[in-house]
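Undergrad:
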Amino acid sequence: MASSSNGNGNLLDEFEESFQACLHALAKEEPATEMDKDALKLEVDQTTTKFIHLARQMEAFFLQKRFLLSVLKPELVLKEENLDLRYEIQRKDELIRKHYEKIDQWKSLLMDQQPRKDELIRKHYEKIDQWKSLLMDQQPMPAQGSGGMQGTTDMRNMPGAGAAGPMMGGGAPGGPIGGPAGGGVLPQGPPGAMGLPGMPGSMQASLQAQQYMQQQQMQQMQMQSFNKLVK
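For the sequence shown, the residue numbers in our numbering are 6 to 236.
#1: Can you tell me which of the three DSSP states alanine 214 falls into?
#2: Using the beta-carbon count (16 or more within 10 Å), is serine 211 buried or exposed?
#3: Have a look at Leu140, Glu64, Glu85 and flag the residue whose alpha-carbon is nearest the alpha-carbon of methionine 223.
#4: Which of the three DSSP states is assigned to lysine 78 in this structure?
#5: Within the same chain, show all residues whose beta-carbon is closer than 8 Å to that of leucine 16, passing over the 5 residues directly before and after it, in chain order.
#6: Going by the CB atoms, is the gap between cysteine 27 and threonine 54 shorter than 7 Å?
#7: Can you grab the Cα-Cα spacing for the pair aspartate 50 / leucine 68, in whole Å?
#8: Under a three-way DSSP split, which group does glutamine 143 fall into?
#9: How would you label glutamine 213, buried or exposed, when you count the other beta carbons within 10 angstroms and need 16 or more for buried?
#10: Can you tell me whether serine 138 is buried or exposed? The criterion is at least 16 other CB atoms within 10 Å of its CB, across all chains shown.
#11: At a Cβ threshold of 7 Å, is tyrosine 130 touching chain B?
#12: In this structure, does DSSP put alanine 32 in helix, strand or coil?
#13: Whose C-alpha, out of Glu34, Ala30, Ile57, Gln215, is nearest the C-alpha of leucine 47?
Encoded structure:
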């Protein structure tokens with residue numbers, strides 16, 4: 006037992022001396038000649054090698070002592086392992102706590118950003134509603150009544166209209182339209198204005214309805230393209 010303690014003491018002393026020798030070799034002043042540099046390099050290599058060799062002997066010595074301790078007193082090893090596990094659990098708990106703090110910070114940041122996002126969405130929809138109302142105001146109103154009937158009524162109320170029908174140019178009563186007695190010209194115009202003579206009012210109304218439907222389809226297509234651009 007005494008020999009082992011003496012060997013341990015000698016090993017520790019040698020390890021400390023080798024460490025001091027390494028520091029002394031590294032702390033020397035820079036040599037002036039090339040020969041001195043080579044000698045200094047050799048000294049540093051030797052002291053470093055000796056220090057590494059003694060460090061390995063120290064490691065083997067302590068591993069051997071630990072093995073003997075685990076065989077003779079296993080409860081001490083278990084106590085040490087429990088203490089290490091307790092420290093590890095505390096470290097993990099601290100890490101988890103920091104992660105939860107970061108999560109709370111991110112949540113608060115997102116909650117602060119949510120009202121701004123809602124406000125932007127609301128303004129966006131308000132602009133869309135304004136554009137829709139503007140387009141609805143620009144839509145033309147549909148024609149009221151039949152164009153042919155209006156044209157016929159206007160012609161009947163004109164001066165010089167005969168009993169048999171309306172004439173242009175002051176024709177004689179009872180004369181045919183556009184005949185020798187009247188000498189007038191048939192009124193020309195689009196179906197929505199004065200009406201075509203000789204065309205029934207139902208046909209003129211259907212033409213106007215078709216034109217109105219085409220206008221509505223064009224407006225719907227414009228609205229769809231506008232909504233796509235806004236999105």
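We put the CB at the ideal spot given by N, CA and C, even for glycine.
TA: In short, the structure shows the following:
#1: Taking the first residue of the sequence shown as position 1, residue 214 is located at position 209. Alanine 214: helix per DSSP, three-state reduction.
#2: Here residue 211 refers to the residue found at position 206 of the sequence shown. Under this definition serine 211 is an exposed residue.
#3: Here residue 223 refers to the residue found at position 218 when the sequence shown is read from its first residue. Answer by Cα proximity: Leu140.
#4: Residue numbering aside, residue 78 sits at position 73 when the sequence shown is read from its first letter. DSSP places lysine 78 outside both helix and strand once states are collapsed to three, so it counts as coil.
#5: The sequence position of residue 16 within the sequence shown is 11, counting from 1. Its chain contains Leu59, Gln62, Met63, Phe66 as the residues whose beta carbon lies nearer than 8 Å to that of leucine 16, once the 5 sequence neighbours on both sides are disregarded; these appear in chain order.
#6: Along the sequence shown, one-based indexing puts residue 54 at 49. Along the sequence shown, one-based indexing puts residue 27 at 22. Contact annotation: threonine 54 and cysteine 27 have beta-carbon atoms that are not nearer than 7 Å.
#7: Stepping through the sequence shown from its first residue, residue 50 is reached at position 45. Stepping through the sequence shown from its first residue, residue 68 is reached at position 63. When rounded, the distance between both Cα atoms is 27 Å.
#8: For the purposes of this step, residue 143 is identified with residue 138 of the sequence shown, where counting begins at 1. Glutamine 143: coil per DSSP, three-state reduction.
#9: Within the sequence shown, the letter at position 208 stands for residue 213. By the 16-neighbour rule on beta-carbons within 10 angstroms, glutamine 213 is buried.
#10: The sequence position of residue 138 within the sequence shown is 133, counting from 1. With fewer than 16 other Cβ atoms within 10 Å, it is exposed.
#11: No chain B is part of this structure, which consists of one protein chain only.
#12: Counted from its first residue, the sequence shown places residue 32 at position 27. In the structure shown, the three-state DSSP call for alanine 32 is coil.
#13: Sequence index remark: in the sequence shown, residue 47 carries index 42 (1-based). Closest option to leucine 47, judged by alpha-carbon separation, among Glu34, Ala30, Ile57, Gln215: Ala30.
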